[in-house]
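Its first residue numbered 2, the sequence shown is counted upward by one per residue in the working numbering. Quick reminder that beta carbons are idealized off the backbone N, C-alpha and C, glycines included. It should be emphasised that the depicted structure is a prediction, and the values quoted were computed from it without experimental measurement.
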Amino acid sequence: SSGINAEYGQNDEIIWQNINLNFCSYKVKGKQQKQSFCKNENNVTGLCNRQSCPLANSRYATIREEKGVCYLYMKCVERAHTPKEMWEKIKLPRNYEKALALIDKNLIYWPNFTVHKCKQRYTKIVQYLIRMRKLRKKNVKKLVSRDLKMEKRGLRREHTEISTTSIRTYSRRWSRRRRMRTRNLSSWRTSMRVTLRISRTLSWRWNERVLEELGKRSK
2 SSGINAEYGQ NDEIIWQNIN LNFCSYKVKG KQQKQSFCKN ENNVTGLCNR
52 QSCPLANSRY ATIREEKGVC YLYMKCVERA HTPKEMWEKI KLPRNYEKAL
102 ALIDKNLIYW PNFTVHKCKQ RYTKIVQYLI RMRKLRKKNV KKLVSRDLKM
152 EKRGLRREHT EISTTSIRTY SRRWSRRRRM RTRNLSSWRT SMRVTLRISR
202 TLSWRWNERV LEELGKRSK
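This is the structure:
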């Protein structure tokens with residue numbers, strides 16, 4: 002994989018010199034350690050060096066996990082003119098021994114470093130998948146993040162809703178009391194009118210009786 006691939010228009014050494022000496026968006030430099038790391042998802046080791054770089058190697062292989070299933074990805078320089086089909090994807094079985102045998106079968110003429118690192122990466126992925134399955138079976142407390150900004154906004158909205166509802170209830174009570182007062186006042190007025198009428202009729206009848214008695218006495 003190293004060297005010049007003039008037939009396909011790719012020089013691995015020139016690409017690596019540009020990546021190593023100049024800027025690379027996948028490179029992460031450690032503060033205390035001299036070793037640099039790589040964030041590329043296709044990097045088989047996670048280190049930034051000549052053998053592990055997926056950009057500076059025209060022939061490359063790696064293991065990736067997607068939704069609990071492991072796949073073997075292989076890149077060949079013959080597919081460099083079609084970036085969409087550059088990586089060949091092979092599904093690995095869940096049986097560990099069969100998966101290693103399939104890796105050996107597909108990488109039979111590849112460098113020993115690539116075969117060994119692919120197997121090592123597959124072993125690590127299988128181990129953390131097993132740990133994930135064990136953790137799912139246990140009753141582990143799930144940590145949930147809190148959005149304090151949204152909580153404060155909800156409290157403010159709740160406070161405004163309570164204040165508006167209290168104002169509405171107060172206005173309704175006030176309107177009800179006003180109606181009751183008007184009703185009571187109107188009923189009082191009607192009762193006074195009735196009492197006045199009754200008193201007038203009673204006084205008129207009383208005056209008639211008094212006049213009758215006075216007439217009888219005068220006779």
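Where residue i sits in the DSSP three-state scheme
{"i": "V29", "result": "strand"}
{"i": "C1", "result": "Here the chain has residues from 2 to 220 only, and residue 1 is not among them."}
{"i": "M75", "result": "strand"}
{"i": "S2", "result": "Residue placement at S2 is poorly supported in this model, since its pLDDT is 44, which falls under 50; the coordinates still yield a value, given next. Residue state, collapsed to three classes: coil."}
{"i": "I109", "result": "coil"}
{"i": "N12", "result": "strand"}
{"i": "L93", "result": "coil"}
{"i": "Q18", "result": "helix"}
{"i": "V127", "result": "helix"}
{"i": "Q67", "result": "Residue identity check: residue 67 is Glu in the sequence provided, not Gln. Strand, per DSSP."}
{"i": "F38", "result": "strand"}
{"i": "L144", "result": "coil"}
{"i": "A62", "result": "strand"}
Cβ-based burial, residue i [other Cβ within 10 Å; buried from 16]
{"i": "S26", "result": "exposed"}
{"i": "G155", "result": "exposed"}
{"i": "L149", "result": "exposed"}
{"i": "K40", "result": "exposed"}
{"i": "R177", "result": "exposed"}
{"i": "K143", "result": "exposed"}
{"i": "V163", "result": "Per the sequence shown, the amino acid found at residue 163 is Ile instead of Val. The residue is exposed, with fewer than 16 neighbouring Cβ atoms inside 10 Å."}
{"i": "L93", "result": "buried"}
{"i": "R122", "result": "buried"}
{"i": "M75", "result": "buried"}
Beta-carbon spacing of residue i, residue j below 9 Å
{"i": "W111", "j": "A62", "result": "yes"}
{"i": "S37", "j": "T46", "result": "no"}
{"i": "E14", "j": "A57", "result": "yes"}
{"i": "W88", "j": "N43", "result": "yes"}
{"i": "E67", "j": "L130", "result": "no"}
Spatial neighbours of residue i in its chain, beta-carbon cut-off 7 Å, leaving aside the 5 residues before and after
{"i": "C77", "result": "R60"}
{"i": "T115", "result": "A62 and L108"}
{"i": "I20", "result": "C54, L56 and A57"}
Other residues of its chain near residue i: CB distance less than 8 Å, five sequence neighbours each side excluded
{"i": "C119", "result": "V45, A62, T63, I64, L73, I104 and L108"}
Own chain, CB closer than 6 Å to residue i, minus 5 neighbours either side, in chain order
{"i": "E86", "result": "R80"}
Between the stretch 94 to 104 and the stretch 20 to 36, are three or more C-beta pairs nearer than 8 Å? no
Pair every Cβ in the stretch 67 to 74 with every Cβ in the stretch 122 to 134, then say whether three or more of these pairs are closer than 8 Å. yes
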